[in-house]
Structures are given as structure tokens and as C-alpha cells.
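Colleague: Got a structure here, written out as C-alpha cells. Questions coming.
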Amino acid sequence: MILTVSNYTSNKVNIDGFSLGVVISRKAILGGKCVDTGEDLGPPVTHLVHTFVGVAGPNWGSFLCILPIGACNLLNGINCSSTFLKDINSKKRYKGSFIFTIFSTGDDIVGYEVCGKVSSSIEGADDNFEFQNMTHSEVILNTIKLQYDLITFQKADDDDLSWVE
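Here full-length UniProt numbering is used: the first residue of the sequence shown is 1, the next is one more, and so on.
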């Protein structure tokens, strides 16, 4: 999809991922072999991505993985010890020219910290925007202008952050 959009527009693409879409997008950009099927996704497409914004993504896992649910398996799940998360976190700065994350201390799906890491942060990001007490859904709904500004201008406007405690 990234290659198709880039070819169609003759431009680099911007990616604004939310929740599981963040980690799935990261794997699509990274390429390589799928950890579960061994299927080759091809080479990295970093050169095709201008700005990557990850909103409330379980980049380091989800605190819900204390429960035995399928999405938290150790192969391709969002358990902090999964092979999939180890794969997408093994390299730095492959997500695009500009990389940002947006997350909350009150995320009720991903959580804030898991296995000693801030769950939704990405190491090497240009900036990580941490908000207080927003639920998982509120993070995306209450930060739309910030997401737009990061994709359009690669920086936050003072208004994006003024209403946050």
C-alpha cells in the first residue's frame, strides 16, 4: 500500500497510525520476513515515508497482556516479549524522515508503562507527546489538530498543547 500510494502520487507518503495500526504500519515500513509465516515483505520502504505519527500504539506492548488473550501471544502479538515487537523495535529511525508519537498516561487499552518502557513511545523519535489522563480513544479524538500539524509542518503549534494540563 505504501509503495502504491507513493507511486500514484509521485511523492513520499505520510502515515498517521492509531493503536494496532501503529505497529502494523511499522512492520510494513520495516519489511523483511513475517515472524509467524516467514513470508518476505520485501525491503524497507523508509525512503518512501516522509512523516510517521504513531498515536496510542502498543510499540512496547500492552498492559492488558497480563490476561491470556490471543492478541497478546509471544509470536506475533503485542506482549512486550513477543518476537513481533522485538523485530519492529530492533532497528531505529526506519519509520520515515520525521517520527512522532502521541500517547497518554491514562490509556486504558495500551497502558502507560509495560516491561519498563513507556508503551507507546518510539526510541529515536523526533518528539514524543505525552498527555495526562486521556483514555485510548480520547488520545486520537483530542489530538487531531496536533496530528495534522505534525504531518503538515513536522512540529506542534502552541495551540495543540495549550488545553492540556
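Even glycine gets a Cβ: it sits at the ideal position worked out from N, Cα and C.
1) Give me, in chain order, the residues of the same chain whose beta-carbon lies closer than 6 Å to that of Arg-93; leave out the 5 immediate sequence neighbours on both sides.
2) Along the chain, which unbroken stretches of the alpha helix (DSSP H) at least 4 residues long are found entirely within the stretch 81 to 135?
3) Does Cys-115 pass the burial test, meaning 16 or more other C-beta atoms within 10 Å, or should it be called exposed?
4) Quick one: using the 10 Å Cβ neighbour count with 16 as the cut-off for buried, is Asp-16 buried or exposed?
5) Using DSSP bridges, identify the partner residues of Lys-33.
6) Grouping DSSP H, G and I as helix and E and B as strand, with all else coil, what is Ile-24?
7) Let's see if you can read the secondary structure: which residues bound the alpha helix (DSSP H) around Thr-46?
8) Helix, strand or coil for residue 166, going by three-state DSSP, please let me know.
9) Could you check how far apart the C-beta atoms of Gln-147 and Val-55 are, in whole angstroms? I think they sit under 8 Å.
10) Just mark Val-77 as buried or exposed, buried being the case when its beta carbon has 16 or more other beta carbons within 10 Å.
11) List the DSSP bridge partners of Asn-14.
12) Taking Asn-79 as the reference, give the member of Leu-20, Gly-38, His-50 with the closest Cα.
13) How would you write the range of the alpha helix (DSSP H) that Phe-153 sits in, first residue to last?
14) For Leu-161 and Asp-126, I'd like the C-alpha separation in whole angstroms.
15) Roughly how many whole angstroms lie between the Cα atoms of residue 176 and Thr-101?
Modeller: The relevant details are as follows:
1) Gly-124
2) 83 to 88
3) exposed
4) buried
5) Asp-40
6) helix
7) Here Thr-46 belongs to no alpha helix (DSSP H), and DSSP marks it neither H nor E.
8) Because the chain in this structure spans residues 1 to 165, residue 166 falls outside the shown range and cannot be described.
9) 7 Å
10) In the sequence as presented, Val is not what sits at residue 77; that position holds Gly. Label assigned to Gly-77: buried.
11) Thr-51
12) Leu-20
13) 144 to 153
14) 17 Å
15) Lying before the first or after the last residue shown, residue 176 is absent from the chain, which here runs from 1 to 165.
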